[in-house]
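Here's the structure, in structure tokens; my notes come after.
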Amino acid sequence: MTFQNMSILTDVTRCIGCDKCVEACRDANDLPPDKPWRWQRNITDLSTSRWTTIERVESDAGDRFARRHCRHCLEPACVEACIVGALQKTPEGPVIYDRDICIGCRYCMIACPFEIPRYSWEDRVPYVQKCDLCYQRVKDEGKLPACVEACPTEATIFGEREDLLKEARRRLATEPGKYIQRIWGEREVGGTSVLHISDVELELTDLETAVRDETPMPERTFKVLHHMPTVFVQMAVVMGGIYWVIERREKLAAERAAQAGEEQGSASPDQEEADADAVDSGTTNGPKGS
Amino acid sequence: MNVRTLKTILWFLLGAGLTLIVLRIIHGPGSVVALTDLMPWGLWKGGGVVALVPIGGAGFTLAAFVSVFHWKRYKPLYLGAVLLGLMAYSSVGAGLTFDIGIWWRIIFPIWHWQFHSTLFEISWCIMLYLCVLTVEFSHTVLERFDFHRAARLLDKFGIVVVIAGICLSTLHQSSLGTLFLATPFRLHPLWHTDLLPFLFFVTSIGLGCLTISWVGILVHRLYRAEPPMDAISGLARIAAYVLGFYVVVRFAGIIATGKSGLLFVPSWDTANFWLEILLSAAIPVALLANQRFRGSPAAMFWIASSGILGVSLNRINVAGLATVSTTHQFYLPAWTEWTVTFGILAGAALVFLFCVENFNVFEKIDSGRLDDVYTPRKVDHGDWRTIFFQNPQADARIYSVALVLAVGVALILVPREAIFGLQPEATPAQGPRIVEISNSEVPAAVGVNFTVPSVGQEHNGGPETLLALMIDGNRDGDYVLFDHEKHVSKQGGGDDSCVRCHHMQKPYEKVSECTGCHSDMYLAVDIFDHGTHVEHKNGNDGCIECHTDPAADKLRETAKACRECHETMRPEGTRVDIVEAQQTSMAPGYMDAMHGACIGCHEEEMAAREETNGELAADLTLCTHCHRDLPRLEDDVWKARL
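Those sequence lines, one after another, are chains V and R. Numbering follows my numbering, with no gaps: position 136 of the first sequence is 332. Numbering follows my numbering, with no gaps: position 280 of the second sequence is 295.
This is the structure in structure tokens:
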């Protein structure tokens, strides 16, 4: 199947928190059972054994369930950050991971604004793990992502991003009193492929600060990084220039001193110091390399 | 301090560090670090890379001063700075190799290119700059071994290499700041600013001046030579200007972006910020303005210490410490992490001292000075201590002992997981507590509705109160209230009903409680006691009684099933489904056991109800049917009861 932008829309009002998606994901990706490792705050947190999880959102209107997994950003920070290009944004939309070249620097985990990538600290040869939107399964086998297929209430649906945005807007418009008029993932950090609509406020992160900013993450670093070749050349020119000027001055000073020495028998210290005013310390005995 | 004492300590640290590095290679980084998914960069990255690179900034700073600007006043410290840079960057390389998850892939960036990655740029700059530093230092080494022609050849390209080094340093010193532009949601706003690359670059120059002064004073003192105070006081003046400029730009940035309010919010982060400013800029700038301090080795040593601590704190803050308020991960590096870091630094320091002693790094530390420091005292053959400590091989002996001792000490002290690999944490499961609650029975559509009566209302003995089991295996306050009486009656009442759920019994028990076997909340537990069985069956003679096939490997799977002897262990009529073939006497975790016991039954019951009640049936299979929104244990209603 061909896709422009594989996406998932989760309607928090429909989720009953049954964990069927979590189990389906575990089966589809051969993930191990959850275990209480040292680094986990809760056993139900996102982890290497849970690429998706259901988080309970407490609100005045009662508890809700929000499913969290990789958001498959349109402009992903992790892909930009990855030192060797182990994380890639596919043309069909999902952000996928190549474990054969990952070196384990964990910059993706630092850069991800939603705190999604997890690390298999328990392994001797650890890897980064996260949802890949069942990329191979959808593309090659023509199936739905495992989580979507397993959802008993159609709380989470799969499709093209444009279609899902339309569907989300339709739901928001049909029941304006029920929903908060906002599509999570529509514009944050340049937009994400995983969208949420809800009747309570969502955080969808482990951090204190929920992501509201719309600046795409790659812009933040590349706006500086792309100047680097220029900076390199500029610095080289400036340093080379300074070196050349000072070197020439010293050479001329030495020649003049030698000339004066020939004429007067000895060089005048006053003259020498005036010539070498760019030089911090007094004596200049001809050119000297590093 | 004595050179010998210092070197002994360094060899000890190196030995401990190497031991931990070997263990880290065997069991992966997870076994020796205290990092978490939300705090994936710790001491090895924040301290060993982000903070150590600017310390190596001395190399390019002095190279610019001496080779490009021809400020010959700093020449006495130039080679020392290059060597310091070389050692700092080598430590960065070593530290990074063992920090990354798959250490042998440290060279992957050489051929897997990703031009958009800041880390990619930094890794290339550091690799190339290490080559530059090696070339810059090799001149002295070549001279020392009388390769004068090669040394002169290097001189020809000297300035090109030096300028390349300065450019590379400009790039990666600033790019270390660029790295953290990507973390606006993690990093505290007092640190996260678009100026980060510029601030990192500026401070690396100031810090470069201070570190080489610090090392210069320390090393000269160590070898009882006079430090080159003329050069040091000059560097101190430059450092004061640079750090003064830095602090002005930093505050200007904070004020211009409207964050000045944050400067005075009473919080941990604000205190941290002011401490950092105090150490990195306020103290050095204020004190270095005084010429008397600049000229005094002791004063310079302490002022430089403050600056180095302060700027390092800045790097550590940006790399992790100032993200604690958003990540809530109170990461403290494990002692094993410290040991590796100190081990690598100790190794670098030993190489540094070796070079100082054997190459012409500092003019005043020459062979005459070394003879003075190392003079072997006279050996008194009546005293074993002088035989051991004073003879010509004594140094090598002492260092070897320190190294071996360190390996032993490290192996004794390392945590279990560093030797045996990581294990999930045990969570002992505890049995349910009996609580009195009120029960308002409403039609089947809603099910049984538990409420917790207010404290004054209890013990009224009315028909609406009942005793229930509060199931909360890990005592985390997330409990399920279980109406035991009702479930007994559902199973037909009477003694036969027990075994429907209590599916296995320990020897001599009629009904064993769940936590007897399912004793861990999440992990499967081995409930078979091999030792007791061996004892009962008269030692080795008895093997054949369970391991019935002498030809087969003696495994759980090939042994006789427990039930063949323990006939009463598994009562008839139990609902809990145990596949005999897979019975390996491993009891699943408490949570899995509970879910397994309840959900299957609820699903059956649900199917039956749907047939009779149709749409009206309350969904027994929903999580929320049992895991209800009930008062938390901290609430007053429970406080008085439990």
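All residues carry an ideal CB built from backbone N, CA and C; glycine is no exception. The structure displayed is predicted, hence computed values, not measured ones.
Residue i and residue j closer than 8 Å at C-beta
{"i": "Pro69(R)", "j": "Thr218(R)", "result": "yes"}
{"i": "Glu276(V)", "j": "Met413(V)", "result": "yes"}
{"i": "Pro313(V)", "j": "Cys274(V)", "result": "yes"}
{"i": "Leu29(R)", "j": "Leu418(R)", "result": "yes"}
{"i": "Ala351(V)", "j": "Thr206(V)", "result": "yes"}
{"i": "Val234(R)", "j": "Gly180(R)", "result": "no"}
{"i": "Leu168(R)", "j": "Ser153(R)", "result": "no"}
{"i": "Ala337(R)", "j": "Leu211(R)", "result": "no"}
C-alpha distance - residue i paired with residue j, whole-angstrom precision
{"i": "Thr639(R)", "j": "Phe216(R)", "result": "56 Å"}
{"i": "Arg400(R)", "j": "Val416(R)", "result": "15 Å"}
{"i": "Glu625(R)", "j": "Leu635(R)", "result": "11 Å"}
{"i": "Asn287(R)", "j": "Arg222(V)", "result": "43 Å"}
{"i": "Lys22(R)", "j": "Glu151(R)", "result": "26 Å"}
{"i": "Ala270(V)", "j": "Trp139(R)", "result": "Strictly speaking, residue 270(V) in this sequence is Leu, with Ala absent from that position. Rounded to whole angstroms, Leu270(V) to Trp139(R) spans 28 Å at the Cα level."}
{"i": "Arg263(V)", "j": "Arg237(V)", "result": "17 Å"}
{"i": "Arg330(R)", "j": "Gly62(R)", "result": "8 Å"}
{"i": "Met54(R)", "j": "Val65(R)", "result": "15 Å"}
{"i": "Ala596(R)", "j": "Gly604(R)", "result": "Per-residue confidence for Ala596(R) stands at a pLDDT of 48, beneath the threshold of 50, marking its modelled position as unreliable; the derived number appears in the next sentence. When rounded, the distance between both Cα atoms is 20 Å."}
{"i": "Tyr315(V)", "j": "Val429(R)", "result": "23 Å"}
{"i": "Cys214(V)", "j": "Tyr331(V)", "result": "24 Å"}
{"i": "His85(R)", "j": "Ala409(R)", "result": "44 Å"}
{"i": "Ala688(R)", "j": "Lys274(R)", "result": "A query on residue 688(R) cannot be resolved here, the shown segment of chain R reaching from 16 to 657 and no further."}
{"i": "Tyr216(V)", "j": "Gly258(V)", "result": "One point to set straight first is that residue 216(V) is Lys, not Tyr, in the sequence displayed. Their Cα atoms are separated by approximately 21 Å."}
{"i": "Ala79(R)", "j": "Val177(R)", "result": "8 Å"}
{"i": "Arg578(R)", "j": "Ala566(R)", "result": "22 Å"}
{"i": "His581(R)", "j": "Met519(R)", "result": "11 Å"}
{"i": "Leu637(R)", "j": "Ala349(R)", "result": "42 Å"}
{"i": "Ala346(V)", "j": "Leu38(R)", "result": "43 Å"}
{"i": "Glu410(V)", "j": "Leu391(V)", "result": "15 Å"}
{"i": "Gln460(V)", "j": "Leu143(R)", "result": "50 Å"}
Same chain, Cβ closer than 6 Å to residue i, neighbours up to 5 away in sequence not counted
{"i": "Glu158(R)", "result": "Ala166"}
{"i": "Ala254(R)", "result": "Gly221, Cys224 and Leu225"}
{"i": "Cys641(R)", "result": "Val495"}
{"i": "Leu194(R)", "result": "Thr133"}
Residues of its chain near residue i, where Cβ-Cβ distance is below 7 Å and the 5 sequence neighbours each way are ignored
{"i": "Tyr261(R)", "result": "Leu214, Val217, Thr218, Gly221 and Ala296"}
{"i": "Arg378(V)", "result": "none"}
{"i": "Phe310(V)", "result": "Arg267, Leu400, Thr401 and Val407"}
{"i": "Gly488(R)", "result": "Ala444, Gln445, Met536, Tyr605 and Met606"}
{"i": "Thr272(R)", "result": "Thr208"}
{"i": "Thr442(R)", "result": "Asn489, Asp535, Met536 and Tyr537"}
{"i": "Ile115(R)", "result": "Ile121"}
{"i": "Lys575(R)", "result": "Cys561 and Thr563"}
{"i": "Cys616(R)", "result": "Arg590"}
{"i": "Leu33(R)", "result": "Gly358"}
Residue span of the beta strand (DSSP E) that contains residue i, given as start and end
{"i": "Ile250(V)", "result": "Thr249 to Val253"}
{"i": "Val390(V)", "result": "Val390 to Ile393"}
{"i": "Gln284(V)", "result": "Leu283 to Lys285"}
{"i": "Asp207(V)", "result": "Met202 to Asp207"}
{"i": "Ile292(V)", "result": "Val291 to Tyr293"}
{"i": "Val514(R)", "result": "Careful: Val514(R) lies outside any beta strand (DSSP E), inside the alpha helix (DSSP H) at Cys513 to Cys516."}
Contacts around residue i, its chain only, beta-carbon distance under 8 Å, and the 5 residues preceding and following it disregarded
{"i": "Tyr346(R)", "result": "Ala49, Leu50, Thr51, Met54, Gly57, Gly335 and Val339"}
{"i": "Arg252(R)", "result": "Leu303 and Arg309"}
{"i": "Ser248(R)", "result": "Gln306, Arg309, Gly310 and Met315"}
{"i": "Val376(R)", "result": "Leu94, Gly95, Leu98, Thr155 and Cys370"}
{"i": "Asp473(V)", "result": "Here Asp473(V) scores only 46 on pLDDT, less than 50, and its place in the model should not be relied on; the value that follows carries that caveat. Around Asp473(V): no qualifying Cβ."}
Alpha helix (DSSP H) segment containing residue i, residue limits
{"i": "Tyr331(V)", "result": "Tyr331 to Glu337"}
{"i": "Phe367(R)", "result": "Trp350 to Asn373"}
{"i": "Ile70(R)", "result": "Leu67 to Ile70"}
{"i": "Leu645(R)", "result": "Careful: Leu645(R) lies outside any alpha helix (DSSP H) and carries neither H nor E."}
{"i": "Ser210(R)", "result": "Reading off the sequence, residue 210(R) comes out as Leu, not Ser. Run containing Leu210(R): none; DSSP gives neither H nor E here."}
{"i": "Ile279(V)", "result": "Unbroken run through Ile279(V): none, as it is neither H nor E."}
{"i": "Phe428(V)", "result": "Met424 to Gln460"}
| request: Any chance you could list the beta strand (DSSP E) runs of at least 3 consecutive residues sitting entirely within the segment 159-207 of chain R, in chain order? | output: Qualifying beta strand (DSSP E) stretches: none in this window.
| message | At 3 residues or longer, what runs of the beta strand (DSSP E) sit wholly inside the segment 281-308 of chain R? | response | If we require 3 residues or more, the segment 281-308 of chain R turns out to have no beta strand (DSSP E) run fully inside it.
| Which runs of the alpha helix (DSSP H), 4 residues or longer, sit entirely within the segment 239-280 of chain R? | 244-271
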